[in-house]
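Here the structure is laid out as structure tokens; the discussion comes afterwards.
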Amino acid sequence: MCVRYTLTAEEKQVLKENPYQMTGPYEPDANIAPTDFGFIVTSDEPDLIQRMHFGIIPHDAKTNKLTYDTWNIRSEEVMEKRTYKPLMVHRKTCLIIMDSFYEWQKKDSESLPYRFTVPGRKTFCVAGLWSRWIDPAGEYYDTFGMMTCVANNLVGEIHEKKRMPVILHKIDEKNWLNKKLSVDELLALCVPFPDKWMHRYRVSKKVNKVSTKLNPNKGIELTLPLDFDEEAIKPVLPAEPKVKKPKVPKAPPPPDQPDLFS
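As structure tokens, this is what we get:
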């Protein structure tokens, strides 16, 4: 499942491809993980780009802490899930703006990260659902999760569960926000994006580490192809053999000298 993605484009690029009004501060992020902020356009306010936390908190939850995986929503099962069915019924759909996502390939005991992009587009949108939790003081805590579908070949070769985010064609972004469409019409948009329009490459395992306040890990270098990362170019040199220094024989002591004053 997609648990990490990026939005590294400059704000002017985001607004050029998504001609909405930005609300709140914008900061590029190369490692968006659950509970982090993402940038969202909702069906309720389709002219605004809003900041929300990644990972849905149900409206009736006791706290705003994530206790299970609500950042990925299987489109085939959305109407069977208590958490997500009301969001679909009430058309709480949203666009998740990003410029790439990460997936990991399991190889022996390692998890090797790959970055997936859509060449020719500075940003693209993934179909999502959003929810609003209200704390006892009346403060809003808005959250979102991304819809997933069966993976195309490009992603499926890497992701062991053969899943991927629902990347929307540009023409379908408005449709996903259209409250007049039926649930079936909306779910018909949840299909694999053509792999011929996508690209992938290995990135450093540094991205495996989730960013925290004490140990931030959101630098743009995380998105670089592995060939440009020190992890790839650092040579592994054989250990130099230890050379024993030859022993130098000690000089014999000088012979006894006669006492000239005896």
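Residue numbers (the working numbering): 5 to 266.
We treat Cβ as the ideally placed atom computed from N, Cα and C, and that holds for glycine.
Being a predicted model, the structure only gives us computed values, none of them experimental.
Thinking just about the alpha-carbon of each residue, which of the options is nearest to the one in residue i?
i, options, result
"residue 127", "220, 174, 180, 68", "174"
"residue 155", "171, 12, 147", "171"
"residue 119", "150, 163, 86", "163"
"residue 221", "66, 40, 30", "40"
"residue 45", "100, 151, 67, 152", "100"
"residue 228", "179, 117, 88", "117"
"residue 90", "133, 58, 57", "133"
"residue 30", "113, 43, 129", "43"
"residue 109", "122, 58, 167, 201", "167"
"residue 61", "201, 145, 197, 80", "145"
"residue 200", "153, 218, 217, 121", "121"
"residue 37", "159, 147, 196", "147"
"residue 123", "214, 85, 215, 202", "202"
Tell me which residues share the same chain as residue i and place their Cβ nearer than 8 Å to its Cβ, disregarding the 5 neighbours each side in the sequence.
i, result
"residue 233", "With a pLDDT of 47 at residue 233, under the threshold of 50, the modelled position of that residue is not reliable, and the figure given next carries that caveat. Cβ within range, chain order: 207, 208, 210, 225."
"residue 230", "205, 206, 207, 208, 236"
"residue 23", "none"
"residue 17", "126, 127"
Starting from the C-beta of residue i, find all residues in its chain whose C-beta is less than 6 Å away, skip the five residues before and the five after it, and write them out in chain order.
i, result
"residue 26", "53"
"residue 95", "47, 183"
"residue 21", "126, 127"
"residue 13", "103, 126, 127"
"residue 160", "166"
"residue 215", "35, 221, 222"
Under DSSP, the beta strand (DSSP E) around residue i begins and ends at which residues?
i, result
"residue 117", "114 to 121"
"residue 175", "That residue, residue 175, is in no beta strand (DSSP E); its alpha helix (DSSP H) goes 174 to 180."
"residue 19", "Where residue 19 is concerned, there is no enclosing beta strand (DSSP E), although the alpha helix (DSSP H) it sits in stretches over 15 to 21."
"residue 99", "97 to 102"
By Cβ distance, which residues of its chain are closer than 7 Å to residue i, with the 5 residues on each side in sequence left out?
i, result
"residue 243", "Interpretation of residue 243 is limited by its pLDDT of 47, a score under 50 that renders its predicted location unreliable; no figure is taken from the coordinates."
"residue 180", "97, 99, 131, 172, 190, 193"
"residue 177", "99, 129"
"residue 223", "34"
"residue 115", "108, 212"
"residue 87", "60, 62, 74"
"residue 79", "151, 152, 153, 170, 191, 194"
"residue 240", "With a pLDDT of 42 at residue 240, under the threshold of 50, the modelled position of that residue is not reliable, and no figure is offered here."
"residue 65", "137"
Residues bridged to residue i by DSSP?
i, result
"residue 41", "57"
"residue 110", "115"
"residue 11", "33"
"residue 267", "Nothing about residue 267 can be read from this structure; the chain reaches only from 5 to 266."
"residue 52", "25"
"residue 151", "77"
First and last residue of the alpha helix (DSSP H) that includes residue i?
i, result
"residue 89", "89 to 93"
"residue 76", "Element bounds for residue 76: not the alpha helix (DSSP H) but the beta strand (DSSP E), 76 to 78."
"residue 189", "187 to 191"
"residue 226", "Residue 226 -> no alpha helix (DSSP H), and no H or E assigned at all."
"residue 156", "Segment: none, residue 156 is in no alpha helix (DSSP H) and carries neither H nor E."
Contact between the region 184 to 196 and the region 136 to 150: three or more CB pairs below 8 Å? These segments do not touch.
Are there three or more Cβ pairs, one per stretch, closer than 8 Å when the region 71 to 79 is compared with the region 46 to 53? Too few Cβ pairs lie closer than 8 Å, so no.
Counting pairs of Cβ atoms below 8 Å between the region 103 to 118 and the region 8 to 23, do you hit three or more? Yes, the region 103 to 118 touches the region 8 to 23.
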